[in-house]
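Let me begin by presenting the structure, written as structure tokens, before commenting on it.
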Amino acid sequence: MSDRDPLRDALAGTADAVRPYLNPPGVEAARRTLRRRRQVRPVLAAVVSLLAALGLSTFVPGRGGPPAVDPTAPPNPTTSPPASPSASAAPSGTPSPSVTASAVNGGAQVPGSPQPKGSPRCVKRGEVWVDWVSSYDIVISARQEWEPFHHICPGETIRVFWVWYVYEPDGSQKLYDSQVFQLTYAKPSVDTGVAVEGCRGDFYVVKGGRAVRQTIPAGDRKAYGGDAVYTTLFDNPCG
Amino acid sequence: MTGHRDFAEFYGAVFHRLATSLYVHTRDLAEAQDVVQEAMVRALAHWPRIRDDQPEAWVRRTAWNLATSRWRRLRRGFELVTRGRIEETTAGPEPDRVAIVAALALLPERQRQAVILHYLEDLPVSQVAEIIGVAEGTVKSWLHRARTTLAEQLSGYRAEEADRV
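For the protein sequence lines, the chains are A and B, in the order given. The first sequence lines up with residues 1048 to 1286 when you count with the working numbering. The second sequence lines up with residues 11 to 175 when you count with the working numbering.
Structure representation (structure tokens):
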């Protein structure tokens, strides 16, 4: 019996058949797009700021927050991740690890910091989007998947944390590292990271007031329930 | 400039592979190329930062996330309706050459994604699991089920071959 896998063969044949029909826009087109976005974004940001100043921010998507930071800016703790200049979806979606969550419970108004009187009402949504996760880089922003701008109101604070676990020999998971952030109007995005050593376990980004769990029992793959806005589950690499 | 040359080389090496995968997933050549190009633009914006940290993985994840984004699908549907555009506007291979694509379309979306990433892009199960955001065991289960389904759909594809994961 042949060791050839007909499924792999069929897919490889498809790739061969598709190749002549692909017509990549090219590197120059990508550079032009990026240049255009860099030119347009400050203008758009200025328009949004002007509208906000005029009291019209209620009608502007992403109101209440500053425009997304230029994605080309060097990474720093407050920069925004690749915002979608074309208003298309940022990395995510149900099948992807990035999952937006309606933050019914996550957005919390800071006591003693009510909305300024006379200012247009900024609707607190408390939504968090995980823009990017790699081995060393985690970017979390206060916005919805499709929004090019952050959305967080003055005085609003959204508590969010990431947590990474490692496996124990019995299949349970213990806390490896975590970091808690307060997303605010002044700091609507965080860029952080961790390098996990050991038997890497599950990773969560959680929004709201939950405590960071020290351990997760074996078999529990929904450690934070609906408060987890991002989950990556790993089988025990040392098991 | 070294960075520019690096990106151009990267683009040339990666675009076709990713666009092919996304085509198999979406069955839409234009859409597949759109999402890969968008991912490339974003990669270019972050190039100094990601060039040394698995840029292909970055672009792959971004492109897949774009392709599977509910918002993008809605927007895309709206564009097709408002422009009166139909999918046949982009030339593609003859249907009999891509029968596997039609068969894959019968799979649930994440099963299809797992099949493409594993069997077309040759990514290990662990990496597929990481991209999709599920446990490795889940991916293995999906791959097995997908092979069983495909065995029923494709002639010349024997049932016992469904056990190869």
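Built from N, CA and C at the ideal position, the CB exists for glycine as well.
Proximal residues to residue i (C-beta, below 7 angstroms), its chain only, five neighbours per side dropped
i: residue 1226 (chain A); result: 1208, 1209 and 1239
i: residue 1214 (chain A); result: 1220, 1246, 1248, 1283, 1285 and 1286
i: residue 66 (chain B); result: 24
i: residue 1281 (chain A); result: 1247, 1248 and 1249
i: residue 36 (chain B); result: 42 and 77
i: residue 52 (chain B); result: 72
i: residue 1257 (chain A); result: 1271 and 1274
C-alpha gap between residue i and residue j, whole angstroms
i: residue 177 (chain B); j: residue 135 (chain B); result: With chain B running from 11 to 175 in the structure shown, residue 177 (chain B) is simply not present.
i: residue 1176 (chain A); j: residue 1051 (chain A); result: 43 angstroms
i: residue 123 (chain B); j: residue 155 (chain B); result: 13 angstroms
i: residue 1060 (chain A); j: residue 1084 (chain A); result: 38 angstroms
i: residue 125 (chain B); j: residue 30 (chain B); result: 13 angstroms
i: residue 64 (chain B); j: residue 22 (chain B); result: 16 angstroms
i: residue 1253 (chain A); j: residue 163 (chain B); result: 41 angstroms
i: residue 54 (chain B); j: residue 44 (chain B); result: 15 angstroms
i: residue 1185 (chain A); j: residue 1178 (chain A); result: 8 angstroms
i: residue 69 (chain B); j: residue 1235 (chain A); result: 24 angstroms
i: residue 1078 (chain A); j: residue 1244 (chain A); result: 38 angstroms
i: residue 1053 (chain A); j: residue 127 (chain B); result: 16 angstroms
i: residue 144 (chain B); j: residue 138 (chain B); result: 9 angstroms
i: residue 989 (chain A); j: residue 1276 (chain A); result: Outside the shown range of chain A (1048 to 1286) lies residue 989 (chain A), about which nothing can therefore be said.
i: residue 1205 (chain A); j: residue 1189 (chain A); result: 8 angstroms
i: residue 1202 (chain A); j: residue 1196 (chain A); result: 18 angstroms
i: residue 38 (chain B); j: residue 49 (chain B); result: 17 angstroms
Same chain, Cβ closer than 8 angstroms to residue i, neighbours up to 5 away in sequence not counted
i: residue 1260 (chain A); result: 1210, 1222, 1270 and 1271
i: residue 19 (chain B); result: none
Neighbour list for residue i in chain B, Cβ cutoff strictly below 7 angstroms
i: residue 1078 (chain A); result: 54
i: residue 1282 (chain A); result: 145, 146 and 147
i: residue 1252 (chain A); result: Correct list: empty, because the minimum Cβ distance to chain B is about 11 angstroms.
i: residue 1212 (chain A); result: Those do not exist, as residue 1212 (chain A) stays about 13 angstroms from chain B at its closest Cβ, beyond 7 angstroms.
i: residue 1081 (chain A); result: 51, 54 and 55
i: residue 1279 (chain A); result: 140 and 143
i: residue 1268 (chain A); result: 145
i: residue 1074 (chain A); result: 17, 18 and 21
Anticipated Cβ contact below 8 angstroms, residue i with residue j, distance rounded
i: residue 1224 (chain A); j: residue 1265 (chain A); result: Not a contact, Cβ separation roughly 20 angstroms.
i: residue 1241 (chain A); j: residue 1230 (chain A); result: With 8 angstroms as the limit, residue 1241 (chain A) and residue 1230 (chain A) do not qualify as a contact, their Cβ atoms being about 18 angstroms apart.
i: residue 1279 (chain A); j: residue 140 (chain B); result: 6 angstroms
i: residue 120 (chain B); j: residue 152 (chain B); result: 7 angstroms
i: residue 158 (chain B); j: residue 116 (chain B); result: Actually they do not touch by this definition, with Cβ atoms about 12 angstroms apart.
i: residue 1069 (chain A); j: residue 26 (chain B); result: 6 angstroms
i: residue 1064 (chain A); j: residue 103 (chain B); result: 4 angstroms
i: residue 47 (chain B); j: residue 1072 (chain A); result: 5 angstroms
Neighbouring residues, chain B, relative to residue i (Cβ below 9 angstroms)
i: residue 1190 (chain A); result: Correct list: empty, because the minimum Cβ distance to chain B is about 12 angstroms.
i: residue 1264 (chain A); result: Going along chain B, no residue has its Cβ under 9 angstroms from residue 1264 (chain A), so there is no contact; the nearest lies around 15 angstroms.
Contacts that residue i makes with chain A (C-beta to C-beta distance below 7 angstroms)
i: residue 130 (chain B); result: 1058 and 1062
i: residue 157 (chain B); result: 1054
i: residue 134 (chain B); result: Simply none; closest approach about 12 angstroms.
DSSP beta-bridge partners of residue i
i: residue 1230 (chain A); result: A:1205
i: residue 1211 (chain A); result: A:1224 and A:1250
i: residue 1262 (chain A); result: A:1221
i: residue 108 (chain B); result: Per DSSP, none; premise fails for residue 108 (chain B).
Under 8 angstroms from the C-beta of residue i: neighbouring residues of chain A
i: residue 26 (chain B); result: 1066, 1069 and 1071
i: residue 69 (chain B); result: Neighbours of residue 69 (chain B) on chain A: none; closest Cβ ~10 angstroms, over 8 angstroms.
i: residue 39 (chain B); result: 1065, 1068 and 1069
i: residue 117 (chain B); result: Within chain A, no residue comes near residue 117 (chain B); the closest Cβ sits about 12 angstroms away, beyond 8 angstroms.
i: residue 160 (chain B); result: 1054
Cβ-based neighbour list, residue i, same chain, cut-off 6 angstroms, excluding 5 preceding and 5 following
i: residue 60 (chain B); result: 68
i: residue 1232 (chain A); result: 1199 and 1201
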